[in-house]
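Q: Below you'll find the structure I mean.
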Ligand SMILES: C[S@@+](CC[C@H](N)C(=O)[O-])C[C@H]1O[C@@H](n2cnc3c(N)ncnc32)[C@H](O)[C@@H]1O
C-alpha cells in the first residue's frame, strides 16, 4: 500500500489535473480498501503525458485492477486511441467494467459530463483472464505502440518476450514495480520479495538495460517505473 505523501498531494494539486471521473474511481478504491495497489495519481498523470508526447495509439495494459491507470491512459488528448486491458481477477474486472461502462462521463450534481476524448473514434476492450493466452489472442491486432506492464511480477519476462514480438519498432514498454519493493539492488531479497520473482525482475531489468535493443530509463518513483523504447 502506497501512503499518499505530501509530495504526492502537492503534485496532485499542481500538475496532475485529475479529472472528476477519476476522483470517483479513487474514492471507490479507497472505500474498498484497494487503494495503493494501483499507480499513484502523479504516475497516472505521467502516463497520460507520455501517451500525448509520444503519440502512441495502440496500447496494451497488463493488470487492470479497477482501471485507475486505464482511465489515465484514456484521458490522453489523442485521436483514435485503442486500449486493450487484461485482468484475471473477476471482482477487479467487474468493478473496472462498472466504471468503463460509464466511460467518458462523470456525475456532478445529478448531471453527466463527457470527460474523455475517447469518444473521438477510440476504443477500449477489457479482457478477463490470465494475461498470456489473452495476449496471444490479440496478436493479430498488432503491432502495438505501448505495453504497460503492471501485473504479477513473476510474469514480467513473459510480457517482455511478448512485447518484443508484438511492439512496432520504436514502440514502448512501461513497467511498474521494477524496484520490486526495494529488493532488486540487494544480493538477496530477504523478506522484501519472494526469490523467484526477484530473480525474474532482475533479469527483466537487465534485459531492458541492453543498449542494442532498447533506449531505456528507470524512473525512481517509490516502486520504480521502467520505460524502454524498442529500437528495432
Ligand atoms: C498492481 S494491480 C494493477 C493496477 C492498475 N494497473 C492501476 O494502476 O490502476 C495488478 C493487477 O494485475 C492482476 N493480475 C495479476 N496477475 C495476473 C495475470 N497473470 N494475468 C492478468 N492479470 C493479472 C491482479 O489481479 C491485479 O488486479
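In our numbering, the protein residues as written are 91 to 322. Just so it is clear, CB atoms sit at the ideal spot from N, CA and C, and this is done for glycine as well.
Roughly how many angstroms lie between the CA atoms of residue 142 and residue 277, to the nearest whole one?
A: Position 52 of the chain shown holds residue 142. Position 187 of the chain shown holds residue 277. Taking the straight line joining both Cα atoms gives about 38 Å.
Q: With a CB to CB cut of under 6 Å and the five nearest residues on each side skipped, what residues in its chain are close to residue 125?
A: Here the question's residue 125 lines up with position 35 in the chain shown. Excluding positions up to five away in sequence, the list reads 119.
Q: Tell me where the beta strand (DSSP E) around residue 262 begins and ends.
A: One-based indexing of the chain shown puts residue 262 at position 172. Its beta strand (DSSP E) spans residues 257-266.
Q: If you draw a straight line from the C-alpha of residue 216 to the C-alpha of residue 164, how long is it?
A: In the chain shown, counting from the first residue as 1, residue 216 sits at position 126. In the chain shown, counting from the first residue as 1, residue 164 sits at position 74. Cα to Cα, residue 216 sits roughly 13 Å from residue 164.
Q: Near residue 297, which residues of its chain fall below 7 Å by C-beta distance, leaving aside the five closest residues on each side in sequence?
A: By 1-based counting over the chain shown, the position of residue 297 is 207. Result list for residue 297: 250, in chain order.
Q: Closer than 8 Å to a non-hydrogen atom of ligand 1 - does that hold for the CB of residue 240?
A: For this step, residue 240 is matched to residue 150 along the chain shown. Flag set: Cβ of residue 240 near ligand 1.
Q: Within 10 angstroms of the Cβ of residue 156, are there 16 or more other Cβ atoms? Answer buried if so, exposed if not.
A: Taking the first residue of the chain shown as 1, we reach residue 156 at position 66. Classification of residue 156: buried, given that the 10 Å Cβ count is 16 or more.
Q: Give the single residue among 239, 262, 291 whose Cα lies nearest to the Cα of residue 303.
A: As a working mapping, residue 303 is identified with position 213 in the chain shown. Closest by alpha carbon: 262.
Q: Mark residue 146 as exposed unless 16 or more other C-beta atoms lie within 10 angstroms of its C-beta, in which case mark it buried.
A: Residue mapping note: residue 146 aligns to position 56 of the chain shown, counting from 1. Burial call: buried.
Q: Once you ignore the five residues that flank residue 265 on each side, which residues in its own chain have a CB closer than 6 Å to its CB?
A: Against the chain shown, residue 265 aligns to sequence position 175. Result list for residue 265: 239, 316, in chain order.
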